[in-house]
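Start counting at 1 in the sequence shown, then tack on 132, and there's your number in the numbering used here. Backbone N, C-alpha and C define an ideal beta-carbon position, used for all residues, glycine too. Accompanying notes for the structure given below.
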Amino acid sequence: MEARSVEEPKAVEDLSEAEARAELEMLAQRLGRANRAYHTEDAPEISDADYDALRRRNAAIEARFPALKRADSASDQVGAALADGFGKVAHRIAMLSLENAFEDGDVADFDTRVRSFLNHPGGLRYTAEPKIDGLSLSLRYETGRLLQAATRGDGATGENVTANALTIADIPQHIADAPEIMEIRGEVYMSHADFAALNTRQAESGEKTFANPRNAAAGSLRQLDATITASRPLKFFAYAWGELSAPLSDTQFGAIQRLADMGFQTNPLTRLCDGPAQMLAQYHTIGAERAGLGYDIDGVVYKVDDLALQARLGFRSTTPRWAIAHKFPAELAWTWLEAIDIQVGRTGALSPVARLTPVTVGGVVVSNATLHNEDYIHGRNSAGEEIRGGKDIRIGDFVQVYRAGDVIPKLADVDLSKRPVGAAPYLFPEACPECSSPAIRAPGDSVRRCTGGLICPAQGVERLKHFVSRGGFDIEGLGAKQVEMFYHDDLLPVKTPADIFTLEARDTANPLQSLKNRDGFGDTSVRKLWAAIEERRTIGFERFLFALGIRDVGEVAARDLARHYHSWDALSQAIDLAYPAALRQIAADEAEADERAAAADSGRRAQPAKIRAAIWEAGPPPPEALAAWNELLSIDGIGAVLAVSLVTALAPGGHERVAVDALVTQLREITPPAARASASPVAGLTVVFTGTLEKMTRAEAKARAEALGAKVAGSVSAKTDLLVAGPGAGSKLKEAAKLNIRTLDEDGWLALIAGEAGSQTEKDDT
Ligand code: IVH
């Protein structure tokens, strides 16, 4: 960190109230003058950058002393607008997560797996270090200068938070002896003491308080106004790296040492261990120190020390093979269950939430816990088996709460000896609490769902929020907050996706009550909003599909469907054709579920049998329906459950379909997905390995081939493109020769894929 220059103003947290008042007065004068010079006199006196800096300082002081905010504050006047979102950063090397271990035995298994993958009979060395409970950040340095900081985001793309990272004292901005290109990764976190002080300040100034230090760290880093981040005491530990133009070391431990030498904070509890026994010893040492560390950790991370072995081990789709996180056990506490509320989600799912007498669980106050679904409350899991020894949960019960990692608190147990006399079994509602439509449980579904669709306010507004979310239409200036506002707006209501695209026309038709004259909007922001909406009239097919918020159709399924059908026309025709076959499938599922329920005498409520009977009576679906249905099911990754969701949600003539068709008429173009990039010479090829491999294990060879986009098959057939044959190859080699299939030895294979190792962790084109 560089020394502060003498002219630099005092940090906002260090200002006394009197100093703050004086400075706000001075800022009001300077900004007022600058505004007049710029807007009225057309003769700016200070640079835009200086102007922005003054405004930010003004806002930061007001944030700390809201009571001192002046009537003539520049914050309430038009001026340089703040950015309305973070820029995006595509990570050159994906930011992955870690596989979890929960028990001591999992650690020994990890070691065994690693050694057998590498065919390494002797012992291996590992580093062990605390798993910091914060949020990960990637810092890009070029020629030793910090140029960019990005959050993890979805692992492939994060948010550009450079201005914010520059305010964190633990993050060096200049490094003398660094590789020309260097991405350093680590965890941003907040200490317990700083978290408590921040929450006190927030509460005193009537601002929102944070649930735990991790939320506080995330909320503080992701501030559009970096002066707010500057006023928050964030810290940073470095523990990993992304792109490097030169290696930091040949071991993990050496690399961490090198990071410390460069000026990064590295965790002082990091140790080198010779095998599982020492790893577990360090796990218990760190566990014993946990309470006194002054910051949250939630486990211990073990990493193979030898970086050449790490490179050979490589990655699965979202986690490295060379590391594992050994989590600490969940923390537990007992409290009273005061009420059960039902929340209605975007897909109409009715989710029961336990309202608890607040209790501290592992340093965090918990007052809500998830109850999952109806069966869970009644002491059964989704397979109908007993949980909690079959004990049900009733309002008034004394319950045990636990938190595991970052998941929502859950209930572990019920103390029946404390159950109030007369407490009745909980009756799950059969009507939606939001719109009173019937709430139905489909066969095989553990969740009860509202049938109100778009007429249900909970679903409508949640659907729209999903529609405009990041993976969906992602309309700048139209986030969850604005959707909520427009949904309930009388003048410019937005109830369905298509309504978004008619907003501008409806607003223009009513000039007396223009949106731009409303609080929170202005000429510029409204113009920008219209432009952002206009831009999205052209949309990628996979985004379009994901945005519809159909149950089970997440980003991956949307992409698979888009790659298969290419256009909405093709997909919607397939749905129309397949519909009778999907109904038949539902009827068959229902019949089967009823039989199972009857056999188990589980008291499952009878489903309306009328529809089913009608479907059976209609006879088997026509061949073209079956063909379309089977084609849908043939797509890799699309199963019957998803297919039923898709076809029933978009059933011809249904209210969802009407809404989607209305949306389509508003769009200019739904663009087909890009073809899969095939940078590697083996991408798309079907490869078979046979005989003995001498330079790597079969598992390693397979993983490497798959990482390069090849498909690895077990036997030779006409579909095989390439056979890699080591010594001792027999029948497969003969078969390949017969079929005229290209055959290479191990060295030939390695030469073919050489130069591709660096791209192992890169994501595909999407
Ligand atoms: S290594 C390739 N080391 O845990 C994986 N991660 O559950 C590189 N984390 O996203 C991560 N402390 O945010 C690593 N000492 C540590 C860590 C750590 C915390 C976080 C990190 C990661 C998450 C995975």
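Query	Result
Inside the stretch 375-415 only - alpha helix (DSSP H) runs reaching at least 4 residues	384-394
Member of I300, F342, T398, L693 whose CA lies at the smallest distance from the CA of I264	T398
Outcome for G771 when other beta-carbon atoms lying within 10 angstroms are tallied against a minimum of 16	exposed
Every unbroken beta strand (DSSP E) within the stretch 539-622, with a cutoff of 3 residues, ordered by chain	542-546, 571-573, 580-582
Per-residue DSSP class, three states only, for R284	coil
4-residue-minimum alpha helix (DSSP H) runs that sit fully inside the stretch 779-852, ordered along the chain	787-798, 830-839
Nearest to H510 (by Cα), restricted to the options N500, S499, A310, R526	R526
Alpha-carbon to alpha-carbon, I632 and H698	25 angstroms
Residues near ligand 1, criterion Cβ-heavy atom distance below 5 angstroms	L228, S229, L230, E261, K263, I264, S268, E319, Y371, A372, V433, P452
Sequence-distant residues of its chain with Cβ nearer than 8 angstroms to L882 (five each side left out)	K827
Three-state secondary structure (DSSP) of N232	strand
Continuous alpha helix (DSSP H) stretch holding A679: start and end	673-679
Inside the stretch 296-360 only - alpha helix (DSSP H) runs reaching at least 4 residues	324-336, 345-353
Cut-off 7 angstroms between Cβ atoms - residues of its own chain near K597, not counting five sequence neighbours on either side	A612, V615
Unbroken alpha helix (DSSP H) run spanning G880, endpoints	878-885
S863 - containing alpha helix (DSSP H), residue span	863-870
Boundaries (first-last residue) of the beta strand (DSSP E) holding H696	Where H696 is concerned, there is no enclosing beta strand (DSSP E), although the alpha helix (DSSP H) it sits in stretches over 687-697.
CA-to-CA distance, F676 to I456, given in whole angstroms	36 angstroms
F342 to D357 span [Cα, whole Å]	18 angstroms
Same chain, Cβ closer than 7 angstroms to S646, neighbours up to 5 away in sequence not counted	D639
G592 beta carbon less than 9 angstroms from that of K550	no
Three-state secondary structure (DSSP) of I456	strand
DSSP state of E517 mapped onto helix, strand, coil	coil
DSSP three-state assignment for Q739, whether helix, strand or coil	Because Q739 sits at a pLDDT of 42, beneath the cut-off of 50, its placement in the model cannot be relied upon, and the following sentence gives the value as read from the coordinates. Q739: coil per DSSP, three-state reduction.
Rounded straight-line distance, which links the Cα of A555 to that of A714	43 angstroms
Residue burial classification, H306 (beta-carbon count within 10 angstroms, cutoff 16)	exposed
N- and C-terminal bounds of the alpha helix (DSSP H) containing I509	506-509
Cβ-heavy atom distance, R272 to ligand 2, below 8 angstroms	Looking at this structure, you won't find ligand 2 anywhere; what it does contain is ligand 1.
Nearest-angstrom Cβ-Cβ length linking G287 and T451, presumed shorter than 8 angstroms	That pair is no contact at about 10 angstroms.
Burial state of A886, where buried means 16 or more other Cβ atoms lie within 10 Å	exposed
Candidates A297, R284, Q355, G351: closest to D217 by CA position	Going by the sequence as given, residue 217 is Gly instead of Asp. For the residues A297, R284, Q355, G351, the minimum Cα distance to G217 belongs to Q355.
Residue burial classification, H223 (beta-carbon count within 10 angstroms, cutoff 16)	buried
Rounded C-alpha distance that separates A869 from E674	42 angstroms
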